[in-house]
Amino acid sequence: MTDEDRLRQRIPAAALERLQSLRLADGVATLIFDAGGLDSLARDRMEVAVRDTLRDAEGVSEVRVAMMADRQEPAAPRLPRIVAIGSGKGGVGKSTLTANLAVALAREGRKVGIVDADIYGPSQPKLLANEEDRPRAADNKLIPVPSKAGVPVLSMGHLVDPGRAIAWRGPMAGNALGQLIDADWGDVETLLVDLPPGTGDIQLTMLQRFRPAGAIIVSTPQDLSLIDAARAMQLFEQGQVPIIGMVENMAGYACPHCGEVSDPFGEGGVEAAAAQKGVAFLGRIPLELGIRLASDAGQPPAAGEGAGAEAFRAVARKLGEWLDSHPG
Ligand code: ADP
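Residue numbers in the sequence shown follow this note's numbering, run continuously in steps of one, and reach 600 at the last position.
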């Protein structure tokens, strides 16, 4: 019997019937339940009962529970379609990719917005050069902040002082995310959500309250990053969120002096991992000094020209095709 089977045996029967998936990794038990048709009291009771029975189980240091609501139960009558951009670890270029995909899609004439859900390290206001702006609120909803690149954005970075670490967990983080997503998005049709790295509270809130239409996973090509990426992907699969595909970032460094291309983090690892997992490979973004410099200056490369811009646009075209072939 596996450790997961042992946990399963402890779950009360009424909850077990609704269990969609259970995973135990590094002492963290992640359980996803189908809460369709239950009112909030019944949901809370079920969650508490599950937490109580698993809390002191052997090998479990933390219990995470997601109650998946019915699909037709969003907080607002009409929310844009959500595409989650995730990664296993930080620093792999997830925020950079999110900003540039949005800019590239907007250049194609699509109505796109960004939610910076990386509430522990929000970077979209800097990437889109609207750090100084603050969202207004009307009818209890936030109004997204416009950016020069034509993409409206809402980020915790717009709500708290820049540079202040946000040490929120659980419900507070979830509520913050809720305000950013359930905002007055106007005619925006697609929201790209820049998630924090890993598989924490924000990801679970996302799954249970605002189920994304699909998810994109970003990774650098080396094994360590890929192992974490696989874990991030697994969480979406557990929540029955389709994986749109994987993107390889920081492959192929062209030396600005001699032009020779080298691969500091290896190359091709993400494409191979995507093939192995049976998900689409959406493309490769080169490691370019120009991408870093333009990003730091608040000028998303995808708004300009050149190899880096084209790489982002190629990934955006694939995302656009996916959106068109998965309407609603
Ligand atoms: P994450 O959101 O995964 O933490 P970021 O998007 O913030 O990562 O990127 C981390 C750093 O790497 C930033 O300074 C960014 O400008 C830089 N960066 C990201 N992708 C590239 C790339 N393809 N080439 C050069 N620098 C990059």
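We put the CB at the ideal spot given by N, CA and C, even for glycine.
Between the Cα of residue i and those of the options, spot the shortest distance and give me the residue it belongs to.
| i | options | result |
| --- | --- | --- |
| serine 491 | Gly362, Leu476, Ile354 and Leu279 | Gly362 |
| isoleucine 406 | Gln292, Pro424 and Arg278 | The question names isoleucine, but residue 406 is arginine in the sequence shown. Comparing Cα positions, the closest option is Pro424. |
| glutamate 502 | Leu351, Ala544, Ser597 and Ala566 | Just to set this straight, residue 502 is alanine in the shown sequence, not glutamate. When only C-alpha atoms are compared, the closest one is Ala544. |
| glycine 576 | Leu373, Tyr392, Val300 and Ala314 | Leu373 |
| aspartate 390 | Ala448, Arg350, Pro418 and Leu351 | Ala448 |
| alanine 321 | Gly308, Gly309, Glu330 and Val335 | Val335 |
| arginine 323 | Ala579, Leu279 and Gly360 | Leu279 |
| glycine 531 | Glu560, Glu539 and Asn412 | Glu560 |
| proline 581 | Asp328, Leu369, Glu330 and Arg282 | A quick correction: the sequence has alanine, not proline, at residue 581. Here the closest residue by C-alpha is Leu369. |
| methionine 444 | Ala421, Lys413, Thr477 and Arg327 | Thr477 |
| lysine 413 | Ala421, Leu326, Ile283 and Leu351 | Leu351 |
| threonine 486 | Ala314, Thr462, Gly422 and Asp411 | Here the sequence assigns glycine to residue 486, which means threonine is not the residue at that position. Of the candidates Ala314, Thr462, Gly422 and Asp411, the one whose C-alpha sits nearest the C-alpha of glycine 486 is Thr462. |
| arginine 408 | Leu431, Lys420 and Asp596 | Leu431 |
| serine 312 | Ser419, Ala341, Ile499 and Thr325 | Ala341 |
| tyrosine 392 | Ile357, Gly472, Ile499 and Asp316 | Gly472 |
| phenylalanine 553 | Val332, Pro493, Ala314 and Asp596 | Pro493 |
| valine 300 | Glu289, Glu276 and Gln281 | Glu276 |
| glycine 578 | Arg315, Gln281, Gly422 and Ile557 | Ile557 |
According to DSSP, simplified to helix, strand and coil, what is residue i?
| i | result |
| --- | --- |
| serine 497 | helix |
| alanine 356 | strand |
| proline 346 | Only weak support is given to the placement of proline 346: the predicted model assigns it a pLDDT of 48, under 50, and the value that follows is read from those uncertain coordinates. Looking at proline 346 - three-state DSSP - the assignment turns out to be coil, as it is neither helix nor strand. |
| proline 558 | strand |
| lysine 413 | strand |
| serine 333 | coil |
| phenylalanine 584 | helix |
| leucine 591 | helix |
| valine 465 | strand |
| leucine 507 | helix |
| serine 534 | strand |
| serine 597 | helix |
| leucine 426 | strand |
| alanine 502 | helix |
| arginine 282 | helix |
| arginine 406 | coil |
| alanine 338 | strand |
Confirm, please, whether the CB-CB distance from residue j to residue i is below 8 angstroms.
| i | j | result |
| --- | --- | --- |
| phenylalanine 537 | alanine 526 | no |
| alanine 285 | phenylalanine 584 | no |
| lysine 590 | glycine 555 | yes |
| glutamine 480 | methionine 318 | no |
| serine 367 | aspartate 298 | no |
| glycine 213 | proline 572 | As displayed, the chain neither begins before 273 nor continues past 600, which places residue 213 out of reach and without an answer. |
| proline 394 | serine 427 | yes |
| valine 513 | proline 484 | yes |
| alanine 455 | isoleucine 415 | yes |
| valine 384 | leucine 464 | yes |
| valine 364 | asparagine 521 | yes |
| glutamine 451 | glycine 429 | no |
| leucine 399 | serine 567 | yes |
| alanine 504 | glycine 470 | yes |
| arginine 295 | glutamine 548 | no |
| valine 417 | asparagine 402 | yes |
| glycine 592 | arginine 382 | yes |
| tryptophan 305 | alanine 287 | According to the sequence as given, residue 305 is phenylalanine; it is not tryptophan. Cβ distance < 8 angstroms, so phenylalanine 305 and alanine 287 count as in contact. |
| valine 519 | valine 587 | yes |
| isoleucine 357 | threonine 325 | no |
For the beta strand (DSSP E) containing residue i, list its first residue and its last residue.
| i | result |
| --- | --- |
| glutamate 520 | 515-523 |
| serine 419 | First-last for serine 419: undefined, no H or E at that position. |
| glycine 486 | 486-491 |
| aspartate 388 | 384-388 |
| phenylalanine 305 | 300-306 |
| arginine 295 | 291-297 |
Tell me, to the nearest whole angstrom, how far the beta carbon of residue i is from that of residue j; I am working on the premise that it is less than 8 angstroms.
| i | j | result |
| --- | --- | --- |
| valine 355 | isoleucine 474 | Not a contact, Cβ separation roughly 15 angstroms. |
| threonine 302 | leucine 507 | 7 angstroms |
| alanine 453 | phenylalanine 482 | The sequence given here places isoleucine at residue 453; alanine does not occur at that position. About 5 angstroms separates the two Cβ atoms, so the contact holds. |
| glycine 308 | serine 497 | Not quite, the Cβ-Cβ distance comes to about 36 angstroms (not below 8 angstroms), so this is no contact. |
Would you mind reading off the limits of the alpha helix (DSSP H) that contains residue i?
| i | result |
| --- | --- |
| leucine 607 | There is simply no residue 607 to check, as the chain begins at 273 and stops at 600 in what is shown. |
| aspartate 311 | That residue, aspartate 311, is in no alpha helix (DSSP H); it is neither H nor E in DSSP. |
| valine 542 | 541-549 |
| threonine 471 | That residue, threonine 471, is in no alpha helix (DSSP H); it is neither H nor E in DSSP. |
| threonine 216 | Outside the shown range of the chain (273 to 600) lies residue 216, about which nothing can therefore be said. |
| proline 528 | Run containing proline 528: none; DSSP gives neither H nor E here. |
| leucine 377 | 366-379 |
| lysine 398 | 396-399 |
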